[in-house]
Amino acid sequence: MNITVEQALSIYPLSEGRLIAGRGGASRIVKSVNVMDAPDITEWIKEGEMLFTTAYIMKDHPEEAVGLLRKLDARGSAGLGVKLGRFWTSIPEPIVEEADRLQFPLIELPFQFTFSDQMSGLFYAEMERNTRSLHKLLDKQKKLMQFALKSGFETDFFSKVLAIIGYPFTVVSSRGQMVFNATAYPDGQLLKQWPWHKNDQWVRAEYGGHYRISLDYKQECIGSVLFFPPETLLLKEEEGLFHQTSEMIAHHMSYIFRDALEQSLNKDLGELFTRYLNQNIPIDMLADYAENLGVRVLSGAFQCVLTKVTADDRDGRRRLVVKEIREEFEYNPVFRDLSVVHFIVDVGVFSIFRADAFENAGKLPDLLSRSFEFIVNKGIITQIQLSVSAKKTKREMLRQAYLECSDALKLSGRLGMADRIIQFGSIELAYVFQHVTKEKMRAYSDEVLSELLAKDPDYSQEMLRTLEVFLEHDGQVNEAAKHLFVHRNTAAYRLEKIGEMLGVDFKKINDLMRLKLAFVFRKMVEEK
Numbered sequence: 001m002n003i004t005v006e007q008a009l010s011i012y013p014l015s016e017g018r019l020i021a022g023r024g025g026a027s028r029i030v031k032s033v034n035v036m037d038a039p040d041i042t043e044w045i046k047e048g049e050m051l052f053t054t055a056y057i058m059k060d061h062p063e064e065a066v067g068l069l070r071k072l073d074a075r076g077s078a079g080l081g082v083k084l085g086r087f088w089t090s091i092p093e094p095i096v097e098e099a100d101r102l103q104f105p106l107i108e109l110p111f112q113f114t115f116s117d118q119m120s121g122l123f124y125a126e127m128e129r130n131t132r133s134l135h136k137l138l139d140k141q142k143k144l145m146q147f148a149l150k151s152g153f154e155t156d157f158f159s160k161v162l163a164i165i166g167y168p169f170t171v172v173s174s175r176g177q178m179v180f181n182a183t184a185y186p187d188g189q190l191l192k193q194w195p196w197h198k199n200d201q202w203v204r205a206e207y208g209g210h211y212r213i214s215l216d217y218k219q220e221c222i223g224s225v226l227f228f229p230p231e232t233l234l235l236k237e238e239e240g241l242f243h244q245t246s247e248m249i250a251h252h253m254s255y256i257f258r259d260a261l262e263q264s265l266n267k268d269l270g271e272l273f274t275r276y277l278n279q280n281i282p283i284d285m286l287a288d289y290a291e292n293l294g295v296r297v298l299s300g301a302f303q304c305v306l307t308k309v310t311a312d313d314r315d316g317r318r319r320l321v322v323k324e325i326r327e328e329f330e331y332n333p334v335f336r337d338l339s340v341v342h343f344i345v346d347v348g349v350f351s352i353f354r355a356d357a358f359e360n361a362g363k364l365p366d367l368l369s370r371s372f373e374f375i376v377n378k379g380i381i382t383q384i385q386l387s388v389s390a391k392k393t394k395r396e397m398l399r400q401a402y403l404e405c406s407d408a409l410k411l412s413g414r415l416g417m418a419d420r421i422i423q424f425g426s427i428e429l430a431y432v433f434q435h436v437t438k439e440k441m442r443a444y445s446d447e448v449l450s451e452l453l454a455k456d457p458d459y460s461q462e463m464l465r466t467l468e469v470f471l472e473h474d475g476q477v478n479e480a481a482k483h484l485f486v487h488r489n490t491a492a493y494r495l496e497k498i499g500e501m502l503g504v505d506f507k508k509i510n511d512l513m514r515l516k517l518a519f520v521f522r523k524m525v526e527e528k
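According to UniProt numbering, the stretch in the sequence shown is residues 1 to 528, in order.
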């Protein structure tokens, strides 16, 4: 029997009685019912046991009943039911007060029913409840088996499992990263005590009781799953359901996420991608193969990221860093709800993001910056540099996106850019004019900026720096002033003088383009 005192009082004929004290303990669990007919009953009481009595053994010494209540409470008794009319006409006030103080349920039993009538009612109701629970449990197990036998890659696997078992659960990887969370508790609160012991057990925590199971695959712990059932105790058989579910989750995480995705995406899809770049296969073949794996990032607009690994290749260090970065991206909470695929290429990790997946979460470079928060302490962030392509609308543009990422990294190195994330748009002009000779670049920039270059060197450098920062911040005077650490009026005055000297109007797009190109050429001429 596993019901609360409150539930027991709703079952006929015990429902004809009433709770007269200890209402704070109404949630105590009743595991069994016994009759108190011996003075030393407290020596035999079990945890969760509710006692019925006629008060015969304490009718002449009601003061001793107070001590009895304390002993019953200390032994974990669920409550005490007293049948009035035989030896007591009412329960003495000191006993009622002590029951309230202890929050120990004290029940006035209905006189017209025998103890066996009330016990039979409880056991019959419990049997019906258990039968219903077993039927529901068997139905859940049947649905789980049917779901497990279905073939194919399930992109919403955890949500479907949640719908079947009906209890909130959360899945945590062996690296302490939240893979799935269907509870009302934030990730940080659930992971507060991580890492955990590998023992399967019921856990009482500040955020609620749960059943925790270690996810094992091929004698390796790959994570943990936490089930959060209702507060009322469940059938022992429910633990079997949790174990069955955890085995499916372990299989899904290990086989599908690590074996299938890592091997297929990194090897097969990676090889196909390389062949596509070398123009050995059409884009349709690559896209169809990816879709068969459940990867649909090329079905609409997309944006690409190339993560270059600069680690030393001694003792295979670089290969390990590349693999670790890919795993970090795979399980990084920032990318959890995005449609994205990561696979290994020669220089590092290439990622394809479905563009509509992050439109509501912010711009892609911002998301990449946020992802660093989770890998900054792992010692690998200093060994990577990322480049971001422009947004593409057709899958035929995938090669162009990759080349944009690759060229952005190369050009940023030539231009001495130390940024962690390089956007193709920021070096696009350098990309377009990279084959122009340095002599022509120098001649063009000197001609456009000639009046400034002819001034006193210190004055000239200050004004050139002001103009360059102004252009870098898209013609925003306020932003330029902040970056230069000067007052807005100072920046505006300098720009006014620059406009007069160079004969340009900052409101005209042609003049701004000429100036921008001049500074791009200056950088390319002075490339590192």
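All C-beta atoms, glycine included, are put in the ideal place defined by N, C-alpha and C.
These numbers come from a predicted model, not from an experiment.
Bridge partners - residue i, DSSP secondary structure assignment
{"i": "Gln201", "result": "Arg212"}
{"i": "Ser351", "result": "Val305, His342"}
{"i": "Glu49", "result": "Ser32"}
{"i": "Glu447", "result": "In DSSP, Glu447 forms no bridge with anything."}
{"i": "Ala21", "result": "Leu106"}
{"i": "Met178", "result": "Val172"}
{"i": "Phe227", "result": "Phe169, Tyr211"}
{"i": "Leu80", "result": "Leu51, Leu106"}
{"i": "Ser387", "result": "Leu306, Ile422"}
Integer-rounded CB distance, given that residue j should sit under 8 Å from residue i
{"i": "Leu515", "j": "Leu464", "result": "No, Leu515 and Leu464 are not in contact; Cβ-Cβ is about 11 Å, not under 8 Å."}
{"i": "Phe158", "j": "Val171", "result": "7 Å"}
{"i": "Asp117", "j": "Pro13", "result": "6 Å"}
{"i": "Thr310", "j": "Ile384", "result": "7 Å"}
Residue from the options with nearest C-alpha to residue i
{"i": "Arg129", "options": "Asp216, Thr183, Gln7, Pro110", "result": "Gln7"}
{"i": "Pro62", "options": "Phe87, Phe52, Gly79, Gly76", "result": "Phe87"}
{"i": "Thr274", "options": "Tyr124, Phe350, Gly503", "result": "Phe350"}
{"i": "Gly76", "options": "Tyr56, Leu51, Ala205", "result": "Leu51"}
{"i": "Ser15", "options": "Leu122, Asp458, Glu64", "result": "Leu122"}
{"i": "Val295", "options": "Ala182, Lys323, Leu338, Phe147", "result": "Leu338"}
{"i": "Gln112", "options": "Ala125, Val82, Glu126, Glu98", "result": "Val82"}
{"i": "Pro195", "options": "Asp356, Gln177, Tyr207", "result": "Gln177"}
{"i": "Ala21", "options": "Ile107, Glu462, Ser460, Phe372", "result": "Ile107"}
{"i": "Phe228", "options": "Arg317, Lys507, Asn199, Gly166", "result": "Gly166"}
{"i": "Val448", "options": "Ala481, Ala418, Ile498, Leu502", "result": "Leu502"}
{"i": "Asp356", "options": "Val297, Lys440, Ser214", "result": "Val297"}
{"i": "Pro230", "options": "Thr183, Leu69, Asn510, Ser246", "result": "Thr183"}
{"i": "Asp312", "options": "Val347, Tyr289, Leu306", "result": "Val347"}
{"i": "Lys71", "options": "Met285, Glu43, Ser460", "result": "Glu43"}
Spatial distance of residue i from residue j (CA atoms)
{"i": "Leu398", "j": "Arg212", "result": "44 Å"}
{"i": "Ser412", "j": "Ile164", "result": "51 Å"}
{"i": "Asp259", "j": "Gln400", "result": "Only weak support exists for where Asp259 lies, its pLDDT of 49 falling under 50; the value from the coordinates is given anyway. Taking the straight line joining both Cα atoms gives about 30 Å."}
{"i": "Leu261", "j": "Ile249", "result": "In this predicted model, Leu261 has a pLDDT of only 44, less than 50, meaning its place in the structure is not dependable; the value taken from the coordinates is given anyway. Rounded to whole angstroms, Leu261 to Ile249 spans 15 Å at the Cα level."}
{"i": "Val345", "j": "Phe424", "result": "19 Å"}
{"i": "Leu9", "j": "His252", "result": "45 Å"}
{"i": "Ala518", "j": "Leu191", "result": "53 Å"}
{"i": "Pro92", "j": "Lys46", "result": "26 Å"}
{"i": "Glu330", "j": "His342", "result": "7 Å"}
{"i": "Leu269", "j": "Asn292", "result": "11 Å"}
{"i": "Val432", "j": "Tyr217", "result": "51 Å"}
{"i": "His210", "j": "Val225", "result": "10 Å"}
{"i": "Gly416", "j": "Glu404", "result": "18 Å"}
{"i": "Met513", "j": "Glu373", "result": "37 Å"}
{"i": "Asn2", "j": "Val179", "result": "33 Å"}
{"i": "Glu439", "j": "Gln279", "result": "35 Å"}
{"i": "Lys142", "j": "Glu238", "result": "14 Å"}
{"i": "Thr53", "j": "Met36", "result": "5 Å"}
{"i": "Val5", "j": "His243", "result": "29 Å"}
{"i": "Val30", "j": "Leu215", "result": "33 Å"}
Short Cβ contact (7 Å threshold) for residue i with residue j
{"i": "Ala78", "j": "Arg28", "result": "yes"}
{"i": "Val477", "j": "Ala454", "result": "no"}
{"i": "Ser369", "j": "Ile422", "result": "no"}
{"i": "Ser406", "j": "Arg522", "result": "no"}
{"i": "Arg442", "j": "Val525", "result": "yes"}
{"i": "Gly25", "j": "Pro105", "result": "yes"}
{"i": "Val334", "j": "Leu367", "result": "yes"}
{"i": "Ala301", "j": "Thr393", "result": "yes"}
{"i": "Glu396", "j": "Ile283", "result": "yes"}
{"i": "Arg488", "j": "Thr466", "result": "no"}
{"i": "Arg198", "j": "Gln303", "result": "The question names Arg, but residue 198 is Lys in the sequence shown. No, these two residues do not count as a Cβ contact at 7 Å."}
{"i": "Leu409", "j": "Lys308", "result": "yes"}
{"i": "Leu109", "j": "Gly48", "result": "no"}
{"i": "Lys140", "j": "Leu241", "result": "yes"}
{"i": "Ala430", "j": "Val520", "result": "yes"}
Residue i: CB within 6 Å of a non-hydrogen atom of the ligand GTP
{"i": "Leu272", "result": "With respect to small molecules bound, the structure shown includes none, and the ligand GTP cannot be examined in it."}
Chain C within 7 Å of residue i, Cβ atoms only
{"i": "Arg370", "result": "Reference to chain C is not applicable here, since this structure consists of a single protein chain."}
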